[in-house]
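Enquirer: In the numbering used here, the protein residues as written are 11 to 800.
All C-beta atoms, glycine included, are put in the ideal place defined by N, C-alpha and C.
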């Protein structure tokens, strides 16, 4: 800065003008200590602005480099301090002794070109084309306010022409209120409230067009219905949040009671205003309906169905519950009825936002409900979403998928996000197919284009979503119903239909999750999610899609398209003589109180009952180890707006496998300050070369999965795992010191088919050391953790 004194005077003048214009506008109902003004700082250089919350509260950050704007709020009682800091900034000499400390807020003042009163467009964090066009016309807004001020601002919003709907979505630091107001009136309300953090377009889950294709109908095999037995009374349910399900359908009725069909608005047909929900239900309930029709056999259904209409018909009346969030309202409705284990299936996406991975009200609600809102953890299977190109062209296939970001709520960290692939490799008319078997479905969205791609791995997995044909000399795709999975249809005359895209994939995976929950009723939602991911793998076609300068970049690209691949339901359910799976469900306390904040508290150390004799006997024979760590986090919806993406989750965990040359103390003290000084030598060096992903790629989101491949004799010595905590917003919240968090750990070992029976040896080893077996999930040894200080 050439003339720091002149720059200081300019910023002080801006601040005075903002205070003169806005400083006395706060509402009389607002406590004096909460009064203040909103202001926006504009970046001076391509380096952007370094803003901290010490002097002013950072509300949100928009843009990059010289186009960056930082929205701030300064309390009235901090204004004098801001002016004093500006004076000290002006007096600072750039050529002073290097040991002289720069004054407080120096980086901020140095980087800010100017300050201005905050306008609604500054607080707007949604797509700019969704911003209301006329400032004097009434419009719907999603207003994010400080959680502690939500009830208070509702009390005086009406005086400014801002009308709040009943209900709201509440998170630890923010409440989201749906309002109706003109832009002019909302600006007055923002200036008066001192509580508005950001603005977005109202979330809407209305399906404007489902574009479901007609299907070549198949006659229902005689006697099929008579061979279907209803699920057991204690069976878990898959709750389909969609357009409604036809309860009278003969293939669905054994698993769906009419009383389990609900709707957010009685004006919306709870039995299906559109066939989409009924088609999803068929894929949830039947693992392979086409095969069952071709070869009818006696079949007991494993899961029940439930349905809540959350998608408003295009011409339907609005629900009074929409303001708290359709998903939140639907979960409340269904859980107010029967208490049973359930999976929630959301086979839709909302594309109205930026589709760049930034949390929305919808995705945040899913995260909060999964985490354990009201003390109950929940499993959500959500769709990655589909391209909306019309017509759908052959040219640009896969590049188009890369460019189209996953929609909301697919970015939810705690959800199981399902993308689309296809294994259909035969054209019904002998024509040519566009998508190779095992490759991405033509319309499946990905996270490749996300600005926050490194925050999580999405989709988590992919499943059958149908294929399309291509005709020589034509660029338009040939869409045939027969190239999609067979399912139920919402018509008494046409009982069968097809469904494709990520809706079909999400329904199928939701059914898998429900069947796993039925088979292993003592396992948590985190564990069921982990088992599905643990069983997933990339096909050769998926591996071929890897693009980048090095192997890590290529694998990152594969993850952004396919997650961990396609799940194998049989592998998720059963061990075999050459495949052993161990499961642990446990908890640890990540933080302890340390002054005004928290410090890391403890790790968990899991000894692994390896079949050491068998592994040593295999020598250099290559074996495969899979490790999956699955846990849920409490979201902080304010963190992403202030670019504190690492603080969106309450906490983070990671796993670390004992090295081949480690003893137990080495494994415990690696990257662990609590063990400094116990040994003078560092733990043995080791390489991550045998891991498919490595820690840099796998430690994203709330599921960490990786595959180790190497000599059996080396793995025999790696017989323990450590689970350790990392930061999150709980670290700065002393109230969460001492609070335990849950996690599921899944470990599997695979040897060549010719190897001796590792499963039986492990059972014998477990019995020999007197450890108990759990309610059998593959008859696992339940691994008890050993707490270790960090």
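(1) What are the boundary residues of the alpha helix (DSSP H) that includes residue 424?
(2) Which value, in whole angstroms, describes the spacing of the CA atoms of residue 91 and residue 134?
(3) How is the alpha helix (DSSP H) around residue 560 delimited, first residue to last?
(4) Where does residue 186 fall in DSSP's three states?
(5) Quick check: what's the CA-CA separation for residue 231 versus residue 669?
(6) Which class does residue 138 belong to by DSSP, given the choice of helix, strand or coil?
(7) From residue 444 to residue 566, what does the alpha carbon distance come to, in whole angstroms?
(8) Measure the alpha-carbon distance for residue 626 versus residue 593 and round it to whole angstroms.
(9) How is residue 143 classed by DSSP in three states: helix, strand or coil?
(10) What beta strand (DSSP E) runs, 3 residues minimum, are completely inside the segment 490 to 517?
(11) Hey, quick one: how far does the beta strand (DSSP E) through residue 126 stretch, first residue to last?
(12) Roughly how many angstroms separate the alpha carbons of residue 291 and residue 25, rounded to a whole number?
(13) Do residue 402 and residue 453 have their CB atoms nearer than 8 Å?
(14) Any idea what DSSP makes of residue 346, helix, strand or coil?
(15) To the nearest angstrom, how far is it from the Cα of residue 661 to the Cα of residue 181?
(16) From the DSSP output, read off the bridge partner residues of residue 480.
(17) Taking the alpha carbon of residue 551 as the point to measure from, which residue in 571, 514, 559 has its own alpha carbon closest?
(18) Give me the Cβ distance between residue 665 and residue 731, rounded to the nearest whole Å; I'm assuming they're in contact under 8 Å.
(19) Cα-Cα, which of 54, 416, 536, 553 is closest to residue 367?
(20) Taking 8 Å as the threshold (C-beta atoms), are residue 239 and residue 315 in contact?
(21) Distance check for residue 237 and residue 309, CA to CA, integer angstroms please.
(22) By a C-beta neighbour count over all protein chains shown, 10 Å radius and 16 as the cutoff for buried, is residue 70 buried or exposed?
(23) Using three-state DSSP, classify residue 608 as helix, strand or coil.
(24) Taking the CB atoms as reference points, tell me whether residue 393 and residue 359 lie closer together than 8 Å.
(25) With a 10 Å radius around its C-beta and 16 neighbouring C-beta atoms as the bar for buried, classify residue 388 as buried or exposed.
(26) Out of 555, 651, 546, which one is the CA nearest neighbour of residue 580?
(27) Among 548, 600, 52, 504, which has the Cα closest to the Cα of residue 736?
(28) Suppose you measure from the CA of residue 8 to the CA of residue 410; what does that come to, to the nearest Å?
(29) Starting from residue 458, follow the beta strand (DSSP E) in both directions and report where the run begins and ends.
(30) Quick test of your reading: residue 357 and residue 516, contact by CB under 8 Å. State the CB separation rounded to the nearest angstrom.
(31) If the criterion is Cβ atoms closer than 8 Å, does the pair residue 476 and residue 514 meet it?
(32) Let me know if residue 111 comes out buried or exposed under the rule of 16 or more other beta-carbons within 10 Å of its beta-carbon.
(33) May I have the straight-line CA-CA distance separating residue 159 from residue 187, to the nearest angstrom?
(34) If we ignore side chains and look at the alpha-carbon of each, how far apart do residue 68 and residue 82 end up?
(35) List the endpoints of the continuous alpha helix (DSSP H) containing residue 804.
(36) Three Cβ pairs or more, each shorter than 8 Å: is that satisfied between the segment 317 to 330 and the segment 282 to 291?
Expert: Taking the structure as given:
(1) Here residue 424 belongs to no alpha helix (DSSP H), and DSSP marks it neither H nor E.
(2) 29 Å
(3) Careful: residue 560 lies outside any alpha helix (DSSP H) and carries neither H nor E.
(4) strand
(5) Caution applies to residue 231, whose pLDDT of 38 falls short of 50 and renders its modelled position unreliable; the value that the coordinates give is listed next. Their Cα atoms are separated by approximately 57 Å.
(6) helix
(7) 24 Å
(8) 23 Å
(9) coil
(10) 496 to 498, 506 to 508
(11) 122 to 127
(12) 59 Å
(13) yes
(14) coil
(15) 16 Å
(16) 442
(17) 571
(18) 6 Å
(19) 416
(20) no
(21) 6 Å
(22) buried
(23) strand
(24) yes
(25) buried
(26) 546
(27) 600
(28) The structure shown does not extend to residue 8, since the chain is modelled only from 11 to 800, so the question has no answer here.
(29) No beta strand (DSSP E) holds residue 458; DSSP gives it neither H nor E.
(30) 4 Å
(31) yes
(32) exposed
(33) 12 Å
(34) 5 Å
(35) Residue 804 falls outside the range modelled here, since the chain spans only 11 to 800, and no answer is possible.
(36) yes
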